[in-house]
Amino acid sequence: MSAVRPGILLVLDGWGHAEPGEGNALAAADTPCLDRLRATPAAVLAEASGSAVGLLPGTVGNSEIGHIVIGAGRPVPYDSVLVEERIDDGGLRSHETLGAALDGLAATGGSLHLIGLASDGMIHANVHHLRELLRIAALFAVPAVRIHAITDGRDVADGTAAHHLATVEEYAAEAGVGSIATVIGRGYALDKSGDLALTERAARAIADGTGHRIGEPEEALATGGGGDEWVEPGVVTGADGQPLGPVRDGDVVLFTNFRSDRIQQLADRLYGELAGRGVTFLSLAQYDTEAPIPALVHRADAGGGLADRLAECGVRSVRIAEAEKFEHVTYYLNGRKAGPAPLEEHVRISADGRTDHRAAPEMNIDRVTEAIGAAARRADVPLVVANLANIDVVGHTGDYAATVRAAEHTDRAVAALCRVASGTGRWMLLVGDHGNAEKMLAGAGGVSRPYGGHTTNPVPAVLVPAPGQEAAQPTGTATLADIAPSVLSLLGLGPAPAMTGRALW
Ligand SMILES: O=C(O)[C@@H](CO)OP(=O)(O)O
Ligand SMILES: [Mn+2]
Ligand SMILES: [Mn+2]
Numbered sequence: 445m446s447a448v449r450p451g452i453l454l455v456l457d458g459w460g461h462a463e464p465g466e467g468n469a470l471a472a473a474d475t476p477c478l479d480r481l482r483a484t485p486a487a488v489l490a491e492a493s494g495s496a497v498g499l500l501p502g503t504v505g506n507s508e509i510g511h512i513v514i515g516a517g518r519p520v521p522y523d524s525v526l527v528e529e530r531i532d533d534g535g536l537r538s539h540e541t542l543g544a545a546l547d548g549l550a551a552t553g554g555s556l557h558l559i560g561l562a563s564d565g566m567i568h569a570n571v572h573h574l575r576e577l578l579r580i581a582a583l584f585a586v587p588a589v590r591i592h593a594i595t596d597g598r599d600v601a602d603g604t605a606a607h608h609l610a611t612v613e614e615y616a617a618e619a620g621v622g623s624i625a626t627v628i629g630r631g632y633a634l635d636k637s638g639d640l641a642l643t644e645r646a647a648r649a650i651a652d653g654t655g656h657r658i659g660e661p662e663e664a665l666a667t668g669g670g671g672d673e674w675v676e677p678g679v680v681t682g683a684d685g686q687p688l689g690p691v692r693d694g695d696v697v698l699f700t701n702f703r704s705d706r707i708q709q710l711a712d713r714l715y716g717e718l719a720g721r722g723v724t725f726l727s728l729a730q731y732d733t734e735a736p737i738p739a740l741v742h743r744a745d746a747g748g749g750l751a752d753r754l755a756e757c758g759v760r761s762v763r764i765a766e767a768e769k770f771e772h773v774t775y776y777l778n779g780r781k782a783g784p785a786p787l788e789e790h791v792r793i794s795a796d797g798r799t800d801h802r803a804a805p806e807m808n809i810d811r812v813t814e815a816i817g818a819a820a821r822r823a824d825v826p827l828v829v830a831n832l833a834n835i836d837v838v839g840h841t842g843d844y845a846a847t848v849r850a851a852e853h854t855d856r857a858v859a860a861l862c863r864v865a866s867g868t869g870r871w872m873l874l875v876g877d878h879g880n881a882e883k884m885l886a887g888a889g890g891v892s893r894p895y896g897g898h899t900t901n902p903v904p905a906v907l908v909p910a911p912g913q914e915a916a917q918p919t920g921t922a923t924l925a926d927i928a929p930s931v932l933s934l935l936g937l938g939p940a941p942a943m944t945g946r947a948l949w
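One rule links them: number in this note's numbering = place in the sequence shown (from 1) + 444.
This is the structure we're talking about:
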């Protein structure tokens with residue numbers, strides 16, 4: 445252990461690279477420390493999207509796959525890709541559990557309820573998967589399919605929900621089955637902060653049709669004063685004036701998101717109420733719910749990475765992030781293994797109740813920075829891993845000025861952490877997990893709109909050497925898969941056998 449050279453791995457969430465220009469909040473921000481670090485020869489750009497990390501080519505990066513790959517040291521086929529493969533090879537159509545559930549509906553006259561994010565943002569869901577599920581429902585002659593459409597405005601530009609609802613309706617018409625029964629903003633349906641009152645609003649609309657009544661799905665959008673994300677749960681009524689889609693005993697509920705973290709609160713809530721009434725639950729991909737919901741597509745193994753190697757070498761690490769990004773530096777970074785590994789400590793900086801990130805772009809960065817400092821000062825902790833959430837979380841609001849301020853707060857924190865690293869004899873490796881704030885405008889048809897989503901841009905990665913340490917200049921193309929081998933090498937350890945990335949410094 446004495447040979448281990450201590451360090452800090454700092455993920456700047458949503459820190460992407462693009463040339464300065466309109467809508468680049470990171471280039472516009474006054475960030476003297478980050479600018480200086482990025483100008484050193486130890487700075488490099490790393491691929492963080494598409495096939496470099498295990499996504500389909502051209503797909504924007506996201507926090508889940510970003511942190512998984514940072515930890516695994518290799519690209520990991522992401523759930524969205526595995527779903528696509530099962531669509532392409534016919535595995536979904538011939539899936540036994542799905543087939544049995546749909547045959548059951550054909551026999552009883554029950555309904556299939558498809559619940560998921562209705563956009564092509566490719567972070568939590570892809571509306572094209574819904575198209576395939578509608579086609580399968582038609583093949584099985586399911587009598588009724590009720591679509592519970594969750595509006596986005598976060599993974600895709602705000603104001604596009606009408607377009608996505610129209611796409612869903614087009615897919616239903618093409619399949620000859622399916623009607624939108626509820627329209628619910630993701631702020632309600634995909635809460636992951638533990639605010640059960642929000643989940644309750646979504647669950648009531650889906651389960652028993654309680655909510656604001658509408659004749660056509662698009663009417664729900666008029667309530668979105670807070671944008672597509674906050675569309676009030678709207679319940680579509682049929683010709684008889686009754687809600688189209690309450691869940692009845694014996695129905696089948698299928699969740700269509702492929703990413704678990706934001707749908708699982710709702711999935712657990714609905715299961716708790718409805719499973720006892722003979723409702724069958726299924727999910728397109730594997731979820732981390734408490735409820736035992738069978739998945740149609742299983743996850744790839746993401747183990748054998750940094751956490752396993754640290755445990756094997758007896759290296760203690762402390763993981764620190766604020767609530768929004770806590771599972772990123774723990775669960776995802778550890779290859780989706782729950783609970784701390786041996787010799788691992790987790791510090792979760794709780795949210796302080798301020799939910800408008802535009803008004804408080806500093807979030808809890810001072811408390812996160814203090815916690816990193818406290819861990820770094822401990823001689824028994826060779827590795828501190830932390831995430832600074834601001835650039836991504838504030839970037840998602842689509843508010844350019846607030847995101848510039850988020851980058852400036854991040855710069856201030858990084859400057860403080862450089863002093864901590866040098867004062868404690870540590871190296872510090874900074875990396876983004878995917879792009880976001882370097883692109884705050886997106887154009888379609890010659891019109892630019894505020895854009896708060898992720899990007900396909902590469903991310904900066906830079907080593908701040910420990911006092912007296914030489915930082916080599918990386919060569920060749922870098923990807924997020926190179927981060928775990930680099931961290932291990934900086935600690936003075938070799939890579940894990942499953943890693944395909946290489947040490948950059
Ligand atoms: O907030 C989220 O759930 C996604 C965007 O939908 O962002 P991230 O991948 O950074 O967690
Ligand atoms: Mn992220
Ligand atoms: Mn994000």
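Glycine residues also receive a C-beta, built at the ideal position from the N, C-alpha and C atoms.
- Inside the segment 655–693, DSSP marks whole beta strand (DSSP E) runs of 3 or more residues at positions 656–658 and 678–680, from first to last along the chain.
- The Cβ atoms of alanine 606 and leucine 578 lie no closer than 7 Å to each other.
- Those residues placing their Cβ nearer than 6 Å to any heavy atom of ligand 2 are, following chain order, Asp457, Gly458, Ser507, Gly510, Asp836, Asp877 and His878.
- Under the three-state reduction of DSSP, glycine 629 is assigned to strand.
- Minimum Cα-Cα distance from threonine 923 among the listed residues Leu885, Val891, Tyr731 and Arg518 corresponds to Arg518.
- Its Cα nearest to that of alanine 803, the residue Ala846 stands out among Ala846, Leu861 and Gly515.
- Secondary structure of leucine 500 (DSSP, three-state): coil.
- Its chain contains Val848 as the residues whose beta carbon lies nearer than 6 Å to that of alanine 472, once the 5 sequence neighbours on both sides are disregarded; these appear in chain order.
- Arginine 802 has its CB no nearer than 6 Å to any heavy atom of ligand 1.
- With a beta-carbon spacing of about 5 Å, leucine 470 and alanine 851 fall inside the 8 Å limit used to define contacts.
- Here DSSP, grouped into helix, strand and coil, assigns glutamate 814 to helix.
- The straight-line gap separating the alpha-carbon atoms of alanine 820 and serine 563 is approximately 42 Å.
- Going by DSSP, asparagine 834 is part of the alpha helix (DSSP H) stretching over 834–839.
- With contacts defined as CB atoms closer than 7 Å, leucine 456 and isoleucine 835 qualify as a contacting pair.
- Contact between the segment 865–876 and the segment 905–912 is present, with at least three C-beta pairs closer than 8 Å.
- Our two residues, glycine 653 and arginine 630, have alpha carbons roughly 17 Å apart in a direct line.
- Between ligand 1 and the CB of aspartate 599, the shortest heavy atom gap is smaller than 6 Å.
- As for any alpha helix (DSSP H) of minimum length 4 sitting wholly inside the segment 723–773, the runs are 750–756, ordered along the chain.
- For threonine 900, no beta strand (DSSP E) segment is defined, and its DSSP state is neither H nor E.
- Per the DSSP secondary-structure output, glutamate 491 pairs in a beta bridge with Thr923.
- For the options Ala487, Tyr776 and Val589, the alpha carbon positioned closest to that of asparagine 506 is the one of Tyr776.
- Separation of alanine 751 and leucine 740 (C-alpha to C-alpha, rounded to the nearest whole angstrom) is 28 Å.
- In terms of Cβ geometry, isoleucine 658 and threonine 626 do not form a close pair [threshold 7 Å].
- For the 7 Å CB-CB criterion, glutamate 576 and isoleucine 624 do not form a contact.
- Proximity to glutamate 662 across Gly685, Val837, Leu574 and Ile628 peaks at Ile628, based on C-alpha coordinates.
- Exposure of threonine 919 is indicated by the presence of fewer than 16 other C-beta atoms within 10 angstroms of its C-beta.
- By the neighbour-count definition (other C-beta atoms within 10 Å, threshold 16), alanine 666 is an exposed residue.
- Each of Ala823, Asp672, Arg763 and Gly779 was checked against the Cα of glycine 842, and the nearest Cα belongs to Asp672.
- For the pair valine 680 and leucine 489, the Cα-to-Cα distance works out to about 48 Å.
- In the assembly as shown, threonine 799 is an exposed residue. Its beta-carbon has fewer than 16 other beta-carbons within 10 Å.
- Put simply, the backbone Cα of alanine 765 is about 42 Å away from that of arginine 692.
- A straight line joining the alpha-carbon of methionine 566 with that of valine 504 spans about 8 Å.
- Residue environment for threonine 700: buried (at least 16 other C-beta atoms within 10 angstroms of its C-beta).
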